[in-house]
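**Q**
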Amino acid sequence: MLSTRLLTALAPLSWGTTYLVTSEILSFDRPLLVAALRALPIGLLLLLLLRRLPSGVWWGRVALLGTLNIGLFFALLFFGAYRLPGGLAATVGAVGPFAVLLLAWALLGQRPRPLALAAAALGMGGVALMVLGPSARLDGLGIAAMLTATVGMAIGTVLAKRWGRPEGVSPLLFTAWQLLAGGLLLAPLSLLLEGAPPELSALQLSGLVYLGLIGTGLAYTLWFRGIARLQPGEISMLSLLSPLSALILDWAVLGRTLEAQQLLGAALVLGSIFLEGLRWPQRGLFAGRTRPGLERG
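Quick note: the sequence shown, position 70, residue 70 per UniProt numbering, numbers continuous.
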């Protein structure tokens, strides 16, 4: 179980590097293009290597999961990020654990214990302390986009747990299907709203390769593997490691000074993840049991 948590944690830790790569290397203001290039090429490559397509009911399920976890999430995430300060965007995104806990209650019959809700609140407070400045500018559309993206991915997380994976399908292939579905949504959207792609430098291409292979392909494979093996509330708390990773990289790579408030926030995030895991070895942080008949990964 510990090794599963550690491997799953690598996904949000790698997502935290996305902010640095995007701001320092991919600064050509084409968020939908970047999102499409993160998902579509690696999805196609994996599908060519693994050579298996969904069948039956899984066509619709993969289309929905790819839209929620990749297409809709990436599009609204970038839209919100461009309209909101990074700190406010990250704080709005930190409502994810709450959304997953409530959706797991509704869809999986797993009622959250007070300790789980306390951990989610502590984690959200920690993210706010890490990244939210006193002069944060509120933007209604940006906040709505971030909330929709966060809730959409929470739904995708819980549905992926509910449905599991088709028999004999690896996490890598399951990831490829969703990346392809999301990328096929993002690519025409990018062309329609942003126009033809610009000419990219070698450095920008290397940044896209990193985001595609590591920040998307590998990260989402580990994430979906974790969804199959961990409880929904448990995995959602790990997502808070993304802003923590971004904060550490700002300090280590860009030389930005960390304030005491940010260090306190980082400690609260780590503490919330520890608090969330305290009861898992016994019965978990959910009072109810999973409804019978649900598919498991």
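We put the beta carbon where it would ideally sit given N, CA and C, even for glycine.
Can we say the segment 93–112 touches the segment 145–158, given the rule of at least three CB pairs closer than 8 Å?
**A** Because the criterion of three Cβ pairs below 8 Å is met, the segment 93–112 and the segment 145–158 touch.
**Q** Checking 9 Å against the spacing of the C-beta atoms, do L270 and G126 come in under that value?
**A** The answer is yes: Cβ separation under 9 Å.
**Q** With a floor of 4 residues, list each alpha helix (DSSP H) that falls wholly inside the segment 27–77, ordered by position along the chain.
**A** Within the segment 27–77, the complete alpha helix (DSSP H) runs of at least 4 residues are 31–50, 58–66.
**Q** Considering just the uninterrupted stretch of the alpha helix (DSSP H) at S242, what are its terminal residues?
**A** Segment 241–252, the alpha helix (DSSP H) holding S242.
**Q** Between the alpha carbons of Q261 and R61, how many angstroms are there, rounded?
**A** Each residue's alpha carbon lies about 43 Å from the other.
**Q** Against chain D, with Cβ distances strictly below 9 Å, would R165 count as a contact?
**A** Among the chains in the structure shown there is no chain D, since it carries only a single protein chain.
**Q** At 4 residues or longer, and completely inside the segment 111–160: list those alpha helix (DSSP H) runs for me, N to C.
**A** For the segment 111–160, whole alpha helix (DSSP H) runs of length 4 or above, ordered along the chain, are 114–131.
**Q** Roughly how many angstroms lie between the CA atoms of L50 and G43, to the nearest whole one?
**A** In a straight line, the C-alpha of L50 is about 11 Å away from that of G43.
**Q** Three Cβ pairs or more, each shorter than 8 Å: is that satisfied between the segment 54–69 and the segment 107–117?
**A** Taking 8 Å as the limit for Cβ pairs, the verdict is that the segment 107–117 does not touch the segment 54–69.
**Q** On the criterion of 16 or more Cβ atoms from any shown chain inside 10 Å, does F274 qualify as buried, or is it exposed?
**A** With fewer than 16 Cβ atoms within 10 Å of its Cβ, F274 is classed as exposed.
**Q** I think D265 touches M130, with their Cβ atoms under 8 Å apart; what is that distance to the nearest whole Å?
**A** The identity of residue 265 in the sequence shown is Gly, whereas the question assumes Asp. Yes, they are in contact, since the Cβ atoms of G265 and M130 sit about 4 Å apart, within 8 Å.
**Q** Tell me the rounded alpha-carbon separation between V169 and L185.
**A** Taking the straight line joining both Cα atoms gives about 23 Å.
**Q** Determine the contact status of L230 and L159, defining contact as a CB-CB distance below 9 Å.
**A** Their beta carbons are not under 9 Å apart, which means L230 does not touch L159 by this criterion.
**Q** So L76 and T18 are in contact, right, with Cβ under 8 Å, and what is the actual spacing, rounded?
**A** 15 Å between Cβ atoms; not a contact.
**Q** Among L6, L200, F74, V21, which residue has its Cα nearest to the Cα of A39?
**A** Ranking the options by Cα distance to A39, first place goes to F74.
**Q** In this structure, how does DSSP classify E259 when only helix, strand and coil are distinguished?
**A** Looking at E259 - three-state DSSP - the assignment turns out to be coil, as it is neither helix nor strand.
**Q** L37 to T257, Cα distance in whole Å?
**A** The straight-line gap from Cα to Cα measures roughly 32 Å.
**Q** For the alpha helix (DSSP H) containing T221, list its first residue and its last residue.
**A** Segment 219–229, the alpha helix (DSSP H) holding T221.
**Q** Taking S245 and P12 to be in contact with their CB atoms under 8 Å, please state how far apart those CB atoms are, rounded to whole angstroms.
**A** Sure, about 7 Å apart at Cβ, within 8 Å.
**Q** DSSP on R162, reduced to helix/strand/coil?
**A** Reduced to three states, the DSSP call for R162 is helix.
**Q** By the DSSP assignment, the alpha helix (DSSP H) with T175 in it spans what residues?
**A** T175 -> alpha helix (DSSP H) spans 171–194.
**Q** Considering only the alpha carbon of each residue, which of A35, A219, L72, V34 lies closest to M146?
**A** For the residues A35, A219, L72, V34, the minimum Cα distance to M146 belongs to L72.
**Q** For L180, count neighbouring Cβ atoms within 10 angstroms of its own Cβ and tell me buried if that reaches 16, exposed if not.
**A** Classification for L180: buried.
**Q** Label D250 either buried or exposed according to how many other C-beta atoms from any shown protein chain fall within 10 Å of its C-beta, with 16 as the threshold for buried.
**A** Answer is buried; the Cβ neighbour count reaches 16.
**Q** My assumption, with CB atoms under 8 Å, is that S272 sits in contact with G96. Please give the rounded CB distance.
**A** About 12 Å separates the two Cβ atoms, so there is no contact after all.
**Q** Do you know offhand how far L189's Cα is from L68's?
**A** Those two C-alpha atoms are separated by around 15 Å.
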